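What the sequence shown shows, in numbering that gives the first Met the number 0, is residues 0 to 358, in sequence order. Down below is the structure, laid out as structure tokens.
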Amino acid sequence: MITFGFITIHPNQENTYITEIARHSDSNTIVYRFIPTAIDPATEKVHGEKFNHESGVWETAVFDIPMYLYDRCFYGDDPLSIRSQPIMNWLKNRPYSTFIGLGLPNKWEIYNVLRSDEELAAYTPKTIKASSVPKIINKLIKDKKLLLKPKNGSQGKGIIGLMVTKGKVEALTHKNQKLITKSFLSKSEFSKWLDQLLSSRDYMCQQLLPLQDVDNHPFDIRILLQKNENGEWIEQGRGIRRGLKDHLISNINAGAEVLKYDDWVNALPVQQQALLTDGITTIINKVPKLLEREFLNLFELGIDIGFGIDGGVWILDINSKPGRKVILHSKEGKADELYKAPLQYSAYLEKQSLVKGVD
0 MITFGFITIH PNQENTYITE IARHSDSNTI VYRFIPTAID PATEKVHGEK FNHESGVWET
60 AVFDIPMYLY DRCFYGDDPL SIRSQPIMNW LKNRPYSTFI GLGLPNKWEI YNVLRSDEEL
120 AAYTPKTIKA SSVPKIINKL IKDKKLLLKP KNGSQGKGII GLMVTKGKVE ALTHKNQKLI
180 TKSFLSKSEF SKWLDQLLSS RDYMCQQLLP LQDVDNHPFD IRILLQKNEN GEWIEQGRGI
240 RRGLKDHLIS NINAGAEVLK YDDWVNALPV QQQALLTDGI TTIINKVPKL LEREFLNLFE
300 LGIDIGFGID GGVWILDINS KPGRKVILHS KEGKADELYK APLQYSAYLE KQSLVKGVD
């Protein structure tokens, strides 16, 4: 019997996803869900919920820490996140815990690994640490347009665009699917604002790439990679995220729509199709193996790829806790396969552990 645990920061987070996973489990698997703070440190018992196959509902339960764990924790600045992170670190270092994927470090570490590979470096936008106000101002004067990205962040949150235009600096951010523009008429005013920003969190800085379509909508290509029942990396699907007009990001939570990849790519000139296909093939063949070699074991990756108006192919972001909306919306009949994937990979890990036990 395999026990499978789904972990989130807040109760009932990603409820639809974990419920569908549980419904797709077989009689040899018991599926639980819980939050990190529900673990009793003295007994290591968990107060959470167990899925009842007969009734199809979740029931309150107390249980041992499951054999296989699926980390879907997204951390914020709230008290529960702050309390949960050290518990998750302990859990990942616990000898008897097996996570189906251990996740990735911050974006700066990922960037340096990608740049160290000769082929992938060509697809990785040159990035620097936003370590000081003068450094960013000098780069802005040179490049005219910059993008600031939080070193730790996801879903496009915290991204800021900086532009020099008509003798002033504009800072563009997003909030509740709205584009917010703040203008600075003097260098001192902008410097003060930038100093406060860089003091609040760690940022990375890169040139703002031309990644809009002909109607000035930002867009990117989301590719979902997962390991299958044989422990091999496979592509589960890809789709286009098309953001709101004149915005910086194309994340779903920022109002982006989903387009089918095949329909979109077939509208491109043949030469551009070839360049894009060649770049994507290199990226998806090399990235998973490189990241696992440099960091820790992974189960899935969401790779966001930009395609510039100049034909440039760029790795924009890599997420070890990706969503599935893009794939579910753009590839029909994929739902069952996506919901079974974490369970099938857990079964593979169980087989591997039994083989090692026999050896």
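Quick reminder that beta carbons are idealized off the backbone N, C-alpha and C, glycines included. Nothing here was measured: the structure is a model prediction, and the numbers come from that model.
From residue i to residue j, what distance separates their C-alpha atoms?
i, j, result
"K144", "L101", "35 angstroms"
"G307", "R240", "14 angstroms"
"P65", "S96", "8 angstroms"
"Q351", "I233", "19 angstroms"
"L289", "I282", "10 angstroms"
"S24", "I135", "51 angstroms"
"G254", "T42", "44 angstroms"
"L348", "I279", "29 angstroms"
"D358", "G230", "Only weak support is given to the placement of D358: the predicted model assigns it a pLDDT of 49, under 50, and the question is left unresolved by the model."
"D309", "D212", "11 angstroms"
"N59", "E13", "Per the sequence shown, residue 59 should be read as Thr rather than Asn. Distance between the alpha carbons of T59 and E13 is about 17 angstroms."
"Q84", "K191", "32 angstroms"
"P321", "S130", "29 angstroms"
"N296", "R200", "28 angstroms"
"D63", "L147", "43 angstroms"
"I6", "G166", "50 angstroms"
"G242", "H173", "12 angstroms"
"N105", "K44", "31 angstroms"
"G75", "Q195", "20 angstroms"
"S319", "K128", "22 angstroms"
"F3", "H246", "40 angstroms"
"Y110", "D262", "31 angstroms"
"E228", "I140", "51 angstroms"
"E256", "K324", "10 angstroms"
"P40", "G160", "44 angstroms"
"N284", "S115", "16 angstroms"
"R22", "E331", "19 angstroms"
"I368", "N88", "With the chain running from 0 to 358 in the structure shown, residue 368 is simply not present."
"E117", "L353", "39 angstroms"
Is the separation between the beta-carbon of residue i and that of residue j shorter than 8 angstroms?
i, j, result
"I326", "L258", "no"
"P209", "I248", "no"
"D70", "F98", "yes"
"V163", "F183", "no"
"M0", "T126", "no"
"K244", "D277", "no"
"C72", "I8", "yes"
"T36", "L79", "yes"
"I220", "I304", "yes"
"V61", "H46", "yes"
"L342", "I20", "yes"
"W107", "K138", "no"
"V132", "L193", "yes"
"D142", "Q225", "no"
"L274", "V312", "yes"
"K181", "A170", "yes"
"K333", "G238", "no"
"V112", "E293", "yes"
Would you please state the rounded distance, in angstroms, between the beta carbons of residue i and residue j? I believe it to be under 8 angstroms.
i, j, result
"S345", "Y67", "4 angstroms"
"I317", "L103", "7 angstroms"
"P10", "I34", "6 angstroms"
"Y260", "S198", "Their Cβ separation, rounded to whole angstroms, is 41 angstroms, which puts Y260 and S198 out of contact at 8 angstroms."
"V264", "Q272", "6 angstroms"
Point to revise | Touch test, the stretch 75-92 against the stretch 18-29, Cβ-Cβ under 8 angstroms, three pairs minimum | key: no
Practice item. Tell me the start and end of each unbroken alpha helix (DSSP H) in the stretch 70-138 that is at least 4 residues and wholly inside, in chain order. Key: 78-92, 106-115 and 117-120
Check your understanding: Is the stretch 176-196 touching the stretch 117-126 in the sense that three or more CB pairs, one from each, lie closer than 8 angstroms?
Key -> no
Point to revise | Inter-stretch contact at 8 angstroms, needing at least 3 Cβ pairs: the stretch 184-204 / the stretch 290-308 | key: no
Review point. Do the stretch 48-56 and the stretch 330-342 touch if we need at least three Cβ pairs shorter than 8 angstroms?
Key: no
Point to revise | Entirely enclosed alpha helix (DSSP H) segments - the stretch 297-343, minimum 4 residues | key: 324-329
Check your understanding: Counting only runs that start and end within the stretch 28-61, where is the beta strand (DSSP E) found for 3 or more residues in a row?
Key -> 28-33 and 44-51
Review point. Taking only runs of the alpha helix (DSSP H) that begin and end inside the stretch 149-211, which ones reach a length of at least 4 residues, in chain order?
Key: 186-199
Check your understanding: Where in the stretch 213-259 do unbroken runs of the beta strand (DSSP E), each at least 3 residues long, occur, reported from the N-terminal end onward?
Key -> 218-226, 232-241 and 256-259
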